[in-house]
Amino acid sequence: MSIEQRLQEEVSQAFNQLFDFKLKPEEVAIQPTRKEFEGSHTFVTFQYLKITKKSPEQSGQAIGEYLRQHSDIVQDFNVVKGFLNLVIADNVWLSSLNDLRKNENYGQLPANGQKVMVEYSSPNTNKPLHLGHLRNNFIGYSVSEILKANGYEVMKVQIVNDRGIHICKSMVAYEKFGDGETPESSNTKGDHLIGKYYVKFDQEYKKEIQALVAAGKDSETAEKTAPILLEAQDTLQKWERRDQKTVDLWKKMNGWVYKGFDDTYHKMGVDFDKYYYESDTYLLGKDIVDQGLSSKVLYRNDDGSVWIDLEEDGLDKKLLLRSDGTSVYMTQDLGTADMRHQDYPFDKCIYVVGNEQDYHFKVLFLILKKLGKDFADGLHHLSYGMVDLPSGKMKSREGTVVDADELIADMLETATAKTKELGKIEGFTTKQATALYEVLGLGALKYFLLKVDPKKRMLFNPSESIEFQGNTGPFIQYTHARIAAILRRAKELNVVEDFNAESISLQSPERELIRLLSEYPLKVREAGENYSPSVIAQYVYDLAKEYNRFYAELSIFGEEDQNIVSFRVALSGAVTQVIKKGMTLLGIIVPERM
Ligand code: ARG
3 MSIEQRLQEE
13 VSQAFNQLFD
23 FKLKPEEVAI
33 QPTRKEFEGS
43 HTFVTFQYLK
53 ITKKSPEQSG
63 QAIGEYLRQH
73 SDIVQDFNVV
83 KGFLNLVIAD
93 NVWLSSLNDL
103 RKNENYGQLP
113 ANGQKVMVEY
123 SSPNTNKPLH
133 LGHLRNNFIG
143 YSVSEILKAN
153 GYEVMKVQIV
163 NDRGIHICKS
173 MVAYEKFGDG
183 ETPESSNTKG
193 DHLIGKYYVK
203 FDQEYKKEIQ
213 ALVAAGKDSE
223 TAEKTAPILL
233 EAQDTLQKWE
243 RRDQKTVDLW
253 KKMNGWVYKG
263 FDDTYHKMGV
273 DFDKYYYESD
283 TYLLGKDIVD
293 QGLSSKVLYR
303 NDDGSVWIDL
313 EEDGLDKKLL
323 LRSDGTSVYM
333 TQDLGTADMR
343 HQDYPFDKCI
353 YVVGNEQDYH
363 FKVLFLILKK
373 LGKDFADGLH
383 HLSYGMVDLP
393 SGKMKSREGT
403 VVDADELIAD
413 MLETATAKTK
423 ELGKIEGFTT
433 KQATALYEVL
443 GLGALKYFLL
453 KVDPKKRMLF
463 NPSESIEFQG
473 NTGPFIQYTH
483 ARIAAILRRA
493 KELNVVEDFN
503 AESISLQSPE
513 RELIRLLSEY
523 PLKVREAGEN
533 YSPSVIAQYV
543 YDLAKEYNRF
553 YAELSIFGEE
563 DQNIVSFRVA
573 LSGAVTQVIK
583 KGMTLLGIIV
593 PERM
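For the sequence shown, our numbering assigns the number 3 to the initial residue and increments by one for each residue that follows.
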């Protein structure tokens, strides 16, 4: 039982004894004590005054007295206004430290028998991944790890939007201007090569529009009749008819893109259990639309297009099939959701997708519900905000979008320069040094993107992210490496980690460290409930910061009492373990030395 749970039990007993009232232990609200007061756990009396029939101060005083006399763990208390601040006995802290040290699975909550599917990344295949995808992938991966730690069985998936007009545009431009170029012949990553032709398409399209307008067409007509656009539309129709040449080209070009994506995922350190492809699911979506028509949830317009009317739900009318029978973005999502639930009967399915698609998911979930899909209630859109860059910094060559590969490469470069400058690689082989630069550069990037709550729009500051001080990945990584060095030193000195708890009286940073350590499972739960890696990021930072205070204020090996040396080494060991666990939930590697 955690300290918090024990306190809940004891306060509940106090209510029974003092006020003859049965208060359920789980209804006893305990919160962390504010920094300026003595104690670690605080019971707030205000909401219970009807029961105690006393003033807030008197209530706190009475419960505090009861606990001081009867509790096994409360040693002292103070009451500030209606806040009852409790001081836990040192031996309780010490035994909780020992418990968590011995528990290899510390922070892993028991299996809950529930399945959750997490969809993230889900790119289109017409261009490379960008900065927004980095935030997406890091959140998706981390949330998956956090949910596993919360006892869920997790399946990581994505939907690859591999068909449609966007990819046809790249195909047309490639056929016109590609001259048989391949990733090998041009020494270009496949996704970048395809992206190049997507940009090329747009340039040509604009030129054609200009020419048409110069020839006297109005701009709307010009935009609709530019020959290259008509070609792309023609290509899409050929693709839907399974025209062999078109399908072959499509396969070849998508194949190049997938190789490029895999390479980027590998660098990012993310992975997937299963890939779904829009080209497989969009037809299923059409079937679902048919079912919806027969059950009258959907209706057909005079022009043959299919719609759903969501006006009664405060939304608008939504198109599900165009008049020519081709499907839209929503159609494939209907098909994909259904197929997924058949493959893996999930209790929850989380879609990690940017907040520009908030409306889309609201509508998607509502349609599925109206179609009677019982899994619809378990769907959740984990919506995240945009990432901006300080202006002028690291813009890609084309302009506004920041390429993921370029950004990762830049981060590694900065990490290399910074680490060399600080001289943190003495005695490293070249290979070890390179590995460290990667761990730091990527750690800086991931941590910076994850420490902000997903819902918030954020500014990514590359140089700040890689500082070795402050709320950064490298600061935490460095703290981990420093503690690892202390543990190696302890080994050399044959320090045993077992200590005699009886004779130790805790110093404030020590008590605070143990308090933080014992909070870890609660943070895992909080992060899981809110789908928010930032909870873990903030926690690990607080832990690292507190360790640095401990290290600055107290000596480890300079201490005369060998029992205290052992205790401090054991405490350090527990801190590294939990830092490592927390960082692993964020997908960040912590180095053993630097
Ligand atoms: N490929 C889409 C895009 O880049 C994102 C897909 C999100 N997932 C989904 N199930 N709709 O905008």
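From the three backbone atoms N, C-alpha and C, an ideal C-beta is built for every residue, glycine too.
Every value quoted in this text rests on a predicted model; they were computed, and no experiment measured them.
Contact between Ile-352 and Leu-317 does not hold, since their C-beta atoms are separated by about 22 Å, which reaches or exceeds 8 Å. With contacts defined by Cβ atoms closer than 8 Å, Phe-203 and Ile-230 form a contacting pair. The alpha-carbon separation between Thr-338 and Ile-581 amounts to approximately 38 Å. An exposed status is given to Gln-7, since fewer than 16 other beta-carbon atoms sit within 10 Å of its beta-carbon. Per DSSP, reduced to three states, the secondary structure at Val-13 is helical. Considering only Leu-515, Val-249 and Thr-578, the residue with the shortest C-alpha distance to Arg-551 is Leu-515. Ranked by Cα distance from Asp-304, the first of Ser-325, Cys-170 and Thr-481 is Ser-325. The Cβ atoms of Ser-536 and Lys-453 sit closer than 8 Å to each other.
Unbroken beta strand (DSSP E) stretches of 3 residues or longer found wholly inside the region 132-215: 155-162, given in chain order. Within the same chain, His-135, Asn-138, Asn-139, Gly-142 and Gln-160 come within 7 Å of Ser-123 by CB-CB distance, once the 5 residues on both sides are set aside.
Boundaries of the beta strand (DSSP E) around Lys-320: 319-323. Checking the 7 Å criterion, the Cβ of Asp-345 is out of range of every heavy atom belonging to ligand 1. A residue is called buried when at least 16 other Cβ atoms come within 10 angstroms of its Cβ; Glu-521 meets this threshold and is buried. Rounded to the nearest angstrom, the gap between the Cα atoms of Phe-348 and Met-270 is 27 Å. The Cβ atoms of Leu-556 and Gln-509 lie closer than 8 Å to each other. At the C-beta level, Val-577 and Tyr-549 come within 8 Å of one another. Annotated three-state conformation of Leu-336 is helix, per DSSP. Relative to ligand 1, even the nearest heavy atom lies 7 Å or more away from the CB of Thr-266.
Excluding its 5 nearest sequence neighbours in each direction, Ser-42 has C-beta neighbours in its own chain below 6 Å: Thr-35, Ile-90 and Arg-517, listed in chain order. The three-state secondary structure of Lys-117, taken from DSSP, is strand.
Relative to the non-hydrogen atoms of ligand 1, the Cβ of Ile-161 comes within a distance shorter than 7 Å of at least one. No residue range can be given for Lys-298, since it is assigned to no alpha helix (DSSP H) and is classified by DSSP as neither H nor E. Ranked by Cα distance from Lys-150, the first of Arg-165, Ala-175, Gln-116 and Lys-171 is Gln-116.
Checking the 7 Å criterion, the Cβ of Pro-125 is within range of a heavy atom belonging to ligand 1. By a beta-carbon distance limit of 8 Å, Leu-336 does not contact Ile-410. Their separation comes to about 35 Å. Residue environment: Gly-374 is assigned as exposed (fewer than 16 neighbouring CB atoms within 10 Å of its CB, all protein chains considered). Beta-carbon to beta-carbon, Arg-103 and Gly-584 are separated by about 16 Å, too far to satisfy the 8 Å threshold.
Taking all protein chains shown into account, Tyr-361 has fewer than 16 neighbouring C-beta atoms within 10 Å of its C-beta and is therefore exposed. Here Leu-88 is bridged, per DSSP, to His-43 and Phe-79. Restricting attention to beta strand (DSSP E) runs no shorter than 3 residues, the region 217-284 encloses them at 276-279, ordered along the chain. Cβ-Cβ distances below 7 Å link Pro-392 to Leu-461 and Asn-463 in the same chain, with the five nearest sequence neighbours on each side left out; the list follows chain order. The three-state secondary structure of Met-460, taken from DSSP, is strand. Ranked by how close their Cα comes to the Cα of Lys-433, the residues Val-81, Thr-418 and Asn-502 have Thr-418 in first place. Separation of Ile-75 and Glu-12 (C-alpha to C-alpha, rounded to the nearest whole angstrom) is 9 Å.
Where Leu-384 is concerned, the enclosing beta strand (DSSP E) starts and stops at 381-386.
Looking from the CA of Glu-29, the closest CA among Lys-198, Asp-22, Val-567 and Gln-49 belongs to Gln-49.
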